[in-house]
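Protein chains in written order, with my numbering: chain A, 1 to 375; chain B, 376 to 750; chain C, 751 to 1125; chain D, 1126 to 1500.
A virtual CB, placed ideally from N, CA and C, is assigned to each residue, including glycine.
Here is the structure we will look at.
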């Protein structure tokens, strides 16, 4: 059992983990994890939006046995706060993605490994062989390469393919441009060693932006998704990066089994809406046709409750996991996930919700806008 | 007659009392009184919400004889600003809850004593034997113990039982977790000496959170309230901690005689709405069936006027009384209550309200975006 | 002709005048002029509200001859920015109210002298014998005294009686309470020398609050206004301090000739709405029955344009005149009024309004509330 | 080809260019460029308003070949971010307007030269002889002089006449008044050498304000536009400075070929609405009758996308070009325009818009209070 080290007991909130992580990370790595696109409106919106929701709690409900276990695409998870795909975990600690996978598995959460991992997807799998894992995919112009990634993910026992839809090109994170962000010597995008341009480290600005520009397919369209879904079969395909009701329906019409409301943590299109504001429209649009997930700005179990109450099947967290990983490796990831789980349970109890279904019943409202408070 | 000492004359607002109190309290005690749950959204919302209301005052009304005396559950009070139950008054001054009871009685206010007092409910009663007092109850898993508390309250002459509905588990106040909050040597929850777990002081984080987890009944439901009400009879039961119209109706349907809109001073579920925003829905829901009280964020008599104008029978204040108590004991409590009463009277006069009934007549508005301007 | 001294040329805005005034005033006097009631919500609202209005200007209108002269109650004024009644001008400069009257007259503005002047109303009149002047009246419990004030005002050639309706008791301005505000030796409320309680300077807190409590009539009601209007005849009566449509109609029904939307500069009931937000309702309520004036938060000619566009016949300014008076006596008052007049003319030209009537035609809108900008 | 010097590579945003420019400009010049009218509400509104819009991006659209070339009044531009007329470019660098013209031409943007240039319109033309250029016109009281300007612009090959409608008098920019803004020795409004009053530099405050007061025609009305349009023929006339739907229609009815929504960068009427908030009404008002342009607060390509999505044919930028010019002359202008173009392209790709037409299709929303929640 992963045991949080003693010093973690002083980390009471996810923000505490961020402070601890920042102390351990290089500025370039911290900036890479923290930053959003351009003016960072959407980065801020994602989190700030939660402060506009109200939880109209119920009282005198039996909350002695809170039930937070659920399933995602049929697989069991112990609680619906799951690990979003983020790149480059070995920037945060030496064990990297394996530590993340191990901690998520132990807590009964689910880890969605990133194509941009600094560990091969096979090594990630071997770190948590019995856990449900998902694999996040960027569709490359080189469709044979893309197909090989899919085949590898299937062979390694991943349970779903998450196709990222919001990254035809890379959003500009100014901090990375200023820092000339690149991976330090010794780290590499392990899943992509066959795909790396020889001159990747040459040039100003972000190395990752050059990679995406050279390899990702900005011509990938809905009809192409059908082929991807066929290649992925029997694994289900989840489309991640949806903000709109019509896109959610299109995803289902083109072979997706679920949709994931995300704006890439505010790292792609600035001025995109907060995901929590987009979620209700997507939930309404798909009705009972599929599960809907969401990420973006979730920094507490209470935030997660808002998302679940608005119809999310599960909530994914990205940066919080990175802060845990940087603060204390697998123990830090476990610490963050435990914290979020316990916050969710407590918030559900205080909201009068003994189980996840009951969170859907009229518990959340968006706050009215006071006329007087704006400039 | 309690006479405010000279130094109190420089305390012109409730916030002044907080400053004076903070100087006298240990940081752990101050944090305990001040803090709210988690990110403290609701703590801030409670107070900030008042700034979104407008008092559309009337002019040229005879306000030469302002009438603020009223009744609560049939008992006379000199003015409708009453003392909410708060824990651990001996943290604030040596005389503790007895000082509070004495000051409230002398002013003609009403003190609702807390189960978590550092003085027995019998001693509180003896400090203000002739005053109307209420007793606040947490329902324990140990129903016999709960019944004994009720019996003691009846025997000691309390006039109503206030069942707190918003605390199936304790909200997490981060400051207390960081401080490892516990009562100092010599202080104990006097009403609960038979109920204290032997190992209460062992463990990290808040001692109170451990106590609540071990003793409070998170399985307490509406149908159980009927039994509590029967045990409390002939004392009336008030349900405190309501935010929703449907819960208010349920309370009445299960034996409550009145409802109290509260979110526990922002200390339980973060992202709960401001109580002043929840009050109107509850008032509409119960109509003429019962009295409605409210607490949360009231820091001036003008705030109290807003609540009364929105339909509250009376307003309870918690932290302001603690600031008074810490600043100058019973004299400080009397100082705060006098200040609030005089502010209420002045605000009513300036609003053109000669009595409490007239405050209900179209004096208050929520500041909203202009009607019709949203597509 | 009053000539602004050279140093005034560096005072470009009304706020500049406030800075200059503050340097010349005692802290007690500055606080008295500046402060609002209680938490000063309404003080801030008055000014901040202007930032929520938009001027949807017209273009290509002939604005070569801007016409800002108008009449109030039949008397000519050169522009519709007039001098509100404020107390104690000799706190600001030795010449006091006479300087104010002289400057207002020279600019063709109108001065409404205060009952609480430090100069007799007769002396004020003699400083500007040919100008239209109004007299502001507080109704005293001593109705004979009140009648004598009215008779004196008539005899001294005042042109209207402004009955203040918002001060049955004095609002609490915390700064004055803290300062123990009182007039310095040598200054006195000259109109009230017969009415001053002998022990006025004894006691804590604001001397003015004690005076108002002892003399003003909090039982003054609408039906009493009929008698006041009869005593004032043939002078017209204006009721100042109105916020509500129903009160505006009541004023007209009880003998008033005009109504003045005011909340006493945020100095009486805190949480009262901004006057500019109350103005449209009053304008709609009275229709063509009377002129409507407004004061509160006007710190520029552009603010004045908003008020005129919303239907005010004229705008009164209080504190700006005091800042001018303190900064440079009569020259400072003239400087402030000139500044405001020129700002109004320029704003009208830029808004495509060649005259005051055209400002009423769809130029102003209240801004929509953005949903995302509130906490 | 203009090559940005090395130091420009550290300028990642338009705001970076402003910082670099400020270091190179005199305070008087910087203030002149930066400032807005009066309290600068509209200056702030212009930019801040963008933060109230949301881009509800589409996914899985083929954005591999973003198409941003378009036409304005039939002339090709490489992308729809064009150079607004601003005065006095030789305050920013010695080459002045010629540098601006050269850089705009090289990028395939369009430069609208200002009447208030410090370079003659003929010299501006000779710097970019083959580029489409527009000429911005203030209508002078001296209509013969105005006619001569028109004739010169036609002779110099300008392609459109932009009549500024929002400047019957000059807005008051307090910074310029405080600074006593005037052109330094050696610089002059070169197009207006025949029109300069002999005593222009005498007097307090802004020299430009005196010039405008002496020369501009505040009596210019819609019917006069017909004559200007006739004089300008065959060049089309664009009316710049429109905020209202009715004015937009009037412009077309009086000979204009296009309208330009602008509030002069917040430098004329304070409290005017943000241009991005006014744009949709103007677009709806003119329908398919003409092209609509907009300027104001655009500091990124994402801002430009919002404007295009709301119906603008092209977006003009003023201050950003000045910051580039001051930072590095023509190279700086080219740097800013390149930055904005690339930001626009990236934002369009991330929004799922392969071309300008597709931006119009439901991509942008104003963030508003939730529908239905206001009584």
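Under 8 Å Cβ-Cβ, which residues of chain A neighbour residue i?
{"i": "residue 593 (chain B)", "result": "62, 63, 64, 349"}
{"i": "residue 600 (chain B)", "result": "60"}
Return helix, strand or coil for residue i, following the three-state DSSP convention.
{"i": "residue 970 (chain C)", "result": "coil"}
{"i": "residue 1110 (chain C)", "result": "coil"}
{"i": "residue 56 (chain A)", "result": "coil"}
{"i": "residue 839 (chain C)", "result": "helix"}
{"i": "residue 900 (chain C)", "result": "helix"}
{"i": "residue 890 (chain C)", "result": "strand"}
{"i": "residue 18 (chain A)", "result": "helix"}
{"i": "residue 1041 (chain C)", "result": "strand"}
{"i": "residue 164 (chain A)", "result": "strand"}
Just how far apart, CA to CA, sit residue i and residue j?
{"i": "residue 1492 (chain D)", "j": "residue 52 (chain A)", "result": "13 Å"}
{"i": "residue 505 (chain B)", "j": "residue 531 (chain B)", "result": "11 Å"}
{"i": "residue 1463 (chain D)", "j": "residue 289 (chain A)", "result": "45 Å"}
{"i": "residue 1406 (chain D)", "j": "residue 1159 (chain D)", "result": "28 Å"}
{"i": "residue 813 (chain C)", "j": "residue 307 (chain A)", "result": "56 Å"}
{"i": "residue 67 (chain A)", "j": "residue 354 (chain A)", "result": "6 Å"}
{"i": "residue 637 (chain B)", "j": "residue 603 (chain B)", "result": "20 Å"}
{"i": "residue 859 (chain C)", "j": "residue 830 (chain C)", "result": "7 Å"}
{"i": "residue 221 (chain A)", "j": "residue 414 (chain B)", "result": "41 Å"}
At a CB-CB cut-off below 8 Å, which residues of chain B make contact with residue i?
{"i": "residue 791 (chain C)", "result": "426"}
Skipping 5 residues on each side, what residues in its chain have a beta carbon closer than 7 Å to that of residue i?
{"i": "residue 84 (chain A)", "result": "112, 295, 316, 317, 318"}
{"i": "residue 981 (chain C)", "result": "897, 900"}
{"i": "residue 540 (chain B)", "result": "614, 615, 616, 617"}
{"i": "residue 699 (chain B)", "result": "392, 707, 708, 710, 711"}
I'd like the list of long-range same chain contacts for residue i, defined as Cβ closer than 6 Å, with 5 residues on each side in sequence excluded.
{"i": "residue 1154 (chain D)", "result": "1216"}
{"i": "residue 921 (chain C)", "result": "787, 1017, 1018"}
{"i": "residue 1150 (chain D)", "result": "1451"}
{"i": "residue 116 (chain A)", "result": "87, 189"}
{"i": "residue 139 (chain A)", "result": "146, 217, 220"}
Excluding the 5 residues flanking residue i on each side, which residues of the same chain have their C-beta closer than 8 Å to its C-beta?
{"i": "residue 1328 (chain D)", "result": "1335"}
{"i": "residue 968 (chain C)", "result": "918, 919"}
{"i": "residue 697 (chain B)", "result": "396, 408, 461, 464, 467"}
{"i": "residue 572 (chain B)", "result": "585, 586, 589, 590"}
Give me the chain C residues within the contact set of residue i, using Cβ-Cβ distance strictly less than 7 Å, ordered along the chain.
{"i": "residue 721 (chain B)", "result": "919, 922"}
Name the chain A residues that come within less than 7 Å of residue i, Cβ to Cβ?
{"i": "residue 648 (chain B)", "result": "54, 56"}
{"i": "residue 413 (chain B)", "result": "300, 302"}
Quick one: list the residues of chain D neighbouring residue i, beta-carbon separation under 8 Å, in chain order.
{"i": "residue 48 (chain A)", "result": "Going along chain D, no residue has its Cβ under 8 Å from residue 48 (chain A), so there is no contact; the nearest lies around 11 Å."}
Counting only Cβ pairs nearer than 9 Å, list the residues of chain B close to residue i.
{"i": "residue 1018 (chain C)", "result": "432, 725"}
Just the chain B side, please: which residues come within less than 7 Å of residue i by C-beta, in chain order?
{"i": "residue 12 (chain A)", "result": "549, 552, 553"}
So residue i contacts chain D; which residues on that side make the cut at Cβ distance below 7 Å?
{"i": "residue 260 (chain A)", "result": "The contacting residues do not exist; residue 260 (chain A) stays about 11 Å from chain D at best."}
- Message: As an exercise, report each continuous beta strand (DSSP E) stretch of at least 3 residues that is fully enclosed by the stretch 1228–1261 of chain D, in chain order.
- Response: 1236–1238
- Message: Extract the residue ranges of the alpha helix (DSSP H) inside the stretch 1418–1491 of chain D, only unbroken runs of 4 or more that lie entirely within it.
- Response: 1426–1434, 1444–1476, 1481–1484
- Message: Please give the ranges of any beta strand (DSSP E) in the stretch 199–253 of chain A, keeping only runs that are unbroken, at least 3 residues long and fully inside the region.
- Response: 237–242
- Which ranges does the alpha helix (DSSP H) cover as unbroken runs of at least 4 residues, wholly within the stretch 775–837 of chain C, from first to last along the chain? 777–784, 791–798
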